[in-house]
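Data block below; observations after.
In mature numbering (1 follows the signal peptide of the UniProt record, and there is no 0), the protein residues as written are -28 to -1, 1 to 152.
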(Lines of atoms letter the chains of each structure in order from A and count residues from 1; the text may use other names and numbers.)
(Lines give C-alpha, C1' and ligand atoms only; values in the text may rest on other atoms or scores of the structure.)
Protein backbone atom coordinates (compact mmCIF):
# COMPACT_ATOMS: atom_id res chain seq x y z
CA UNK A 1 0.00 0.00 0.00
CA UNK A 2 2.84 2.41 0.84
CA UNK A 3 4.51 1.69 -2.49
CA UNK A 4 1.36 2.59 -4.42
CA UNK A 5 1.02 5.81 -2.50
CA UNK A 6 4.67 6.72 -3.12
CA UNK A 7 4.34 5.83 -6.80
CA UNK A 8 1.24 7.99 -7.05
CA UNK A 9 3.01 10.93 -5.41
CA UNK A 10 6.04 10.48 -7.64
CA UNK A 11 3.89 10.29 -10.78
CA UNK A 12 1.91 13.39 -9.77
CA UNK A 13 5.05 15.43 -9.12
CA UNK A 14 6.52 14.24 -12.41
CA UNK A 15 3.39 15.39 -14.28
CA UNK A 16 3.47 18.78 -12.56
CA UNK A 17 7.12 19.26 -13.46
CA UNK A 18 6.52 18.19 -17.06
CA UNK A 19 3.56 20.58 -17.29
CA UNK A 20 5.69 23.43 -15.98
CA UNK A 21 8.31 22.73 -18.61
CA UNK A 22 5.86 22.26 -21.48
CA UNK A 23 3.63 25.26 -20.71
CA UNK A 24 6.12 27.90 -21.87
CA UNK A 25 6.75 25.86 -25.01
CA UNK A 26 3.05 26.01 -25.80
CA UNK A 27 3.36 29.78 -25.91
CA UNK A 28 6.25 29.69 -28.38
CA UNK A 29 6.40 28.66 -32.01
CA UNK A 30 7.64 29.41 -35.48
CA UNK A 31 6.26 30.45 -38.83
CA UNK A 32 7.57 30.65 -42.37
CA UNK A 33 7.84 33.87 -44.35
CA UNK A 34 7.56 32.93 -48.03
CA UNK A 35 8.68 35.39 -50.73
CA UNK A 36 7.64 34.62 -54.31
CA UNK A 37 9.37 35.71 -57.55
CA UNK A 38 7.43 39.00 -57.70
CA UNK A 39 8.45 39.87 -54.14
CA UNK A 40 5.09 39.27 -52.46
CA UNK A 41 5.18 38.03 -48.89
CA UNK A 42 2.99 35.32 -47.40
CA UNK A 43 3.04 33.81 -43.94
CA UNK A 44 2.36 30.15 -43.14
CA UNK A 45 3.04 27.45 -40.58
CA UNK A 46 3.54 24.96 -43.41
CA UNK A 47 6.74 24.83 -45.44
CA UNK A 48 6.94 27.33 -48.33
CA UNK A 49 6.12 26.07 -51.84
CA UNK A 50 9.08 25.14 -54.02
CA UNK A 51 10.60 28.05 -55.89
CA UNK A 52 9.88 30.55 -53.11
CA UNK A 53 12.41 31.96 -50.71
CA UNK A 54 11.72 30.77 -47.15
CA UNK A 55 12.63 32.53 -43.92
CA UNK A 56 11.80 30.79 -40.63
CA UNK A 57 10.85 33.16 -37.82
CA UNK A 58 10.43 32.35 -34.13
CA UNK A 59 7.88 33.92 -31.86
CA UNK A 60 6.98 33.79 -28.21
CA UNK A 61 3.79 35.02 -26.73
CA UNK A 62 3.46 35.92 -23.12
CA UNK A 63 0.38 35.07 -21.13
CA UNK A 64 -1.91 37.97 -20.31
CA UNK A 65 -1.22 39.65 -16.98
CA UNK A 66 -3.22 38.40 -14.05
CA UNK A 67 -5.79 40.72 -12.56
CA UNK A 68 -4.87 41.84 -9.10
CA UNK A 69 -5.93 44.50 -6.69
CA UNK A 70 -3.01 46.79 -7.59
CA UNK A 71 -4.83 47.91 -10.76
CA UNK A 72 -7.67 49.35 -8.70
CA UNK A 73 -7.24 52.86 -7.31
CA UNK A 74 -6.34 52.51 -3.66
CA UNK A 75 -7.19 56.05 -2.66
CA UNK A 76 -10.25 57.70 -4.15
CA UNK A 77 -9.41 61.09 -2.66
CA UNK A 78 -6.85 61.70 -5.43
CA UNK A 79 -9.55 61.77 -8.09
CA UNK A 80 -10.91 65.11 -9.28
CA UNK A 81 -14.17 65.95 -7.65
CA UNK A 82 -16.87 67.63 -9.69
CA UNK A 83 -17.39 69.89 -6.69
CA UNK A 84 -13.85 71.22 -7.03
CA UNK A 85 -14.07 74.97 -7.88
CA UNK A 86 -11.20 74.77 -10.37
CA UNK A 87 -12.85 71.87 -12.18
CA UNK A 88 -16.12 73.78 -12.32
CA UNK A 89 -14.40 76.88 -13.68
CA UNK A 90 -12.70 74.88 -16.45
CA UNK A 91 -15.90 72.99 -17.26
CA UNK A 92 -17.94 76.20 -17.39
CA UNK A 93 -15.29 77.95 -19.48
CA UNK A 94 -15.29 75.09 -21.98
CA UNK A 95 -19.09 75.08 -22.12
CA UNK A 96 -19.14 78.86 -22.60
CA UNK A 97 -16.76 78.65 -25.57
CA UNK A 98 -18.83 75.81 -27.03
CA UNK A 99 -22.02 77.87 -26.67
CA UNK A 100 -20.39 80.93 -28.23
CA UNK A 101 -19.37 78.84 -31.25
CA UNK A 102 -22.89 77.41 -31.47
CA UNK A 103 -24.38 80.91 -31.26
CA UNK A 104 -22.21 82.14 -34.15
CA UNK A 105 -23.16 79.08 -36.19
CA UNK A 106 -26.87 79.65 -35.58
CA UNK A 107 -26.59 83.34 -36.43
CA UNK A 108 -24.88 82.42 -39.71
CA UNK A 109 -27.61 79.89 -40.47
CA UNK A 110 -30.28 82.54 -39.85
CA UNK A 111 -28.53 85.10 -42.06
CA UNK A 112 -28.07 82.50 -44.83
CA UNK A 113 -31.73 81.54 -44.63
CA UNK A 114 -32.83 85.17 -44.86
CA UNK A 115 -30.60 85.70 -47.92
CA UNK A 116 -31.88 82.55 -49.62
CA UNK A 117 -35.47 83.54 -48.92
CA UNK A 118 -34.91 87.00 -50.40
CA UNK A 119 -33.16 85.51 -53.45
CA UNK A 120 -36.03 83.06 -54.02
CA UNK A 121 -38.85 85.55 -53.38
CA UNK A 122 -37.49 88.43 -55.45
CA UNK A 123 -38.01 86.79 -58.88
CA UNK A 124 -41.42 85.49 -57.79
CA UNK A 125 -42.53 88.97 -56.72
CA UNK A 126 -41.17 90.43 -59.97
CA UNK A 127 -43.20 87.84 -61.94
CA UNK A 128 -46.30 88.67 -59.90
CA UNK A 129 -45.91 92.40 -60.51
CA UNK A 130 -45.34 91.84 -64.25
CA UNK A 131 -48.68 90.04 -64.71
CA UNK A 132 -51.02 92.15 -66.79
CA UNK A 133 -53.90 91.66 -69.15
CA UNK A 134 -57.05 89.62 -68.90
CA UNK A 135 -57.69 87.75 -65.66
CA UNK A 136 -54.59 89.31 -64.04
CA UNK A 137 -56.16 89.19 -60.58
CA UNK A 138 -56.59 85.40 -60.66
CA UNK A 139 -53.12 84.79 -62.13
CA UNK A 140 -51.55 87.09 -59.53
CA UNK A 141 -53.40 85.21 -56.79
CA UNK A 142 -51.81 81.93 -57.90
CA UNK A 143 -48.32 83.46 -57.80
CA UNK A 144 -49.17 85.11 -54.47
CA UNK A 145 -50.03 81.68 -53.01
CA UNK A 146 -46.67 80.36 -54.18
CA UNK A 147 -44.92 83.35 -52.58
CA UNK A 148 -46.82 82.83 -49.32
CA UNK A 149 -45.94 79.12 -49.29
CA UNK A 150 -42.24 79.85 -49.86
CA UNK A 151 -42.22 82.60 -47.23
CA UNK A 152 -43.97 80.28 -44.74
CA UNK A 153 -41.45 77.50 -45.33
CA UNK A 154 -38.50 79.81 -44.69
CA UNK A 155 -40.27 81.45 -41.76
CA UNK A 156 -40.75 78.10 -39.98
CA UNK A 157 -37.06 77.32 -40.30
CA UNK A 158 -36.06 80.82 -39.20
CA UNK A 159 -38.37 80.61 -36.17
CA UNK A 160 -36.74 77.31 -35.21
CA UNK A 161 -33.24 78.82 -35.55
CA UNK A 162 -34.30 81.87 -33.52
CA UNK A 163 -35.62 79.61 -30.74
CA UNK A 164 -32.28 77.78 -30.74
CA UNK A 165 -30.48 81.13 -30.53
CA UNK A 166 -32.65 82.13 -27.56
CA UNK A 167 -31.88 78.86 -25.73
CA UNK A 168 -28.15 79.28 -26.30
CA UNK A 169 -28.27 82.90 -25.11
CA UNK A 170 -30.14 81.87 -21.93
CA UNK A 171 -27.59 79.18 -21.14
CA UNK A 172 -24.73 81.60 -21.85
CA UNK A 173 -26.27 84.21 -19.55
CA UNK A 174 -26.65 81.61 -16.78
CA UNK A 175 -23.01 80.56 -17.16
CA UNK A 176 -21.79 84.15 -17.11
CA UNK A 177 -23.88 84.88 -14.01
CA UNK A 178 -22.40 81.85 -12.25
CA UNK A 179 -18.82 82.76 -13.26
CA UNK A 180 -18.48 86.55 -13.45
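Beta carbons are placed, not taken as given, at the ideal position from N, Cα and C, and that holds for glycine.
No experiment lies behind these values; they were computed from the predicted model shown.
1. For residue 137, which residues does DSSP report across the bridge?
2. Note down, in chain order, each residue of its chain lying with its Cβ closer than 6 Å to the Cβ of residue -28, except the 5 sequence neighbours on either side.
3. For residue 100 versus residue 115, is the C-beta spacing smaller than 7 Å?
4. With contact counted as at least three CB pairs below 8 Å, one residue from each stretch, are the segment 121 to 135 and the segment 88 to 98 in contact?
5. Among 127, 112, 61, which residue has its Cα nearest to the Cα of residue 149?
6. When burial is assigned at 16 or more other CB atoms within 10 Å of the CB, is residue 140 buried or exposed?
7. Would you call the CB atoms of residue 133 and residue 81 closer than 7 Å?
8. Assign residue 4 to one of three DSSP states: helix, strand, or coil.
9. Report buried or exposed for residue 117, applying the criterion of at least 16 other Cβ atoms within 10 angstroms of its Cβ.
10. Can you list, in chain order, the stretches of the alpha helix (DSSP H) that have 4 or more residues and sit fully within the segment 79 to 133?
11. Starting from the C-beta of residue 2, find all residues in its chain whose C-beta is less than 6 Å away, skip the five residues before and the five after it, and write them out in chain order.
12. CA-CA distance, residue 15 and residue 22?
13. What span of residues does the beta strand (DSSP E) with residue 24 cover, start to end?
14. Can you pull the DSSP bridge partners for residue 31?
15. Residues in its own chain within less than 7 Å of residue 136 by CB, not counting five upstream and five downstream?
16. Rounded to a whole number of angstroms, what is the C-alpha to C-alpha distance between residue 24 and residue 35?
17. Please list, in chain order, all residues of the same chain as residue -4 whose beta carbon is under 7 Å from its beta carbon, the five residues on each side excluded.
To lay it out plainly:
1. Answer is none; residue 137 lacks a bridge partner.
2. Low confidence applies here, because residue -28 scores a pLDDT of 48, under 50, leaving its location unreliable and the question unanswered by this model.
3. yes
4. yes
5. 61
6. buried
7. yes
8. strand
9. exposed
10. none
11. 28, 30
12. 15 Å
13. Taken as a continuous stretch (DSSP letters only), residue 24 belongs to no beta strand (DSSP E), as it is neither H nor E.
14. 1
15. 78
16. 34 Å
17. Since pLDDT at residue -4 reaches only 48, below the 50 mark, its modelled position is unreliable, and the value read off the structure follows with that caveat. If we look at residue -4 and ignore the five residues flanking it on each side, it has no Cβ neighbours.
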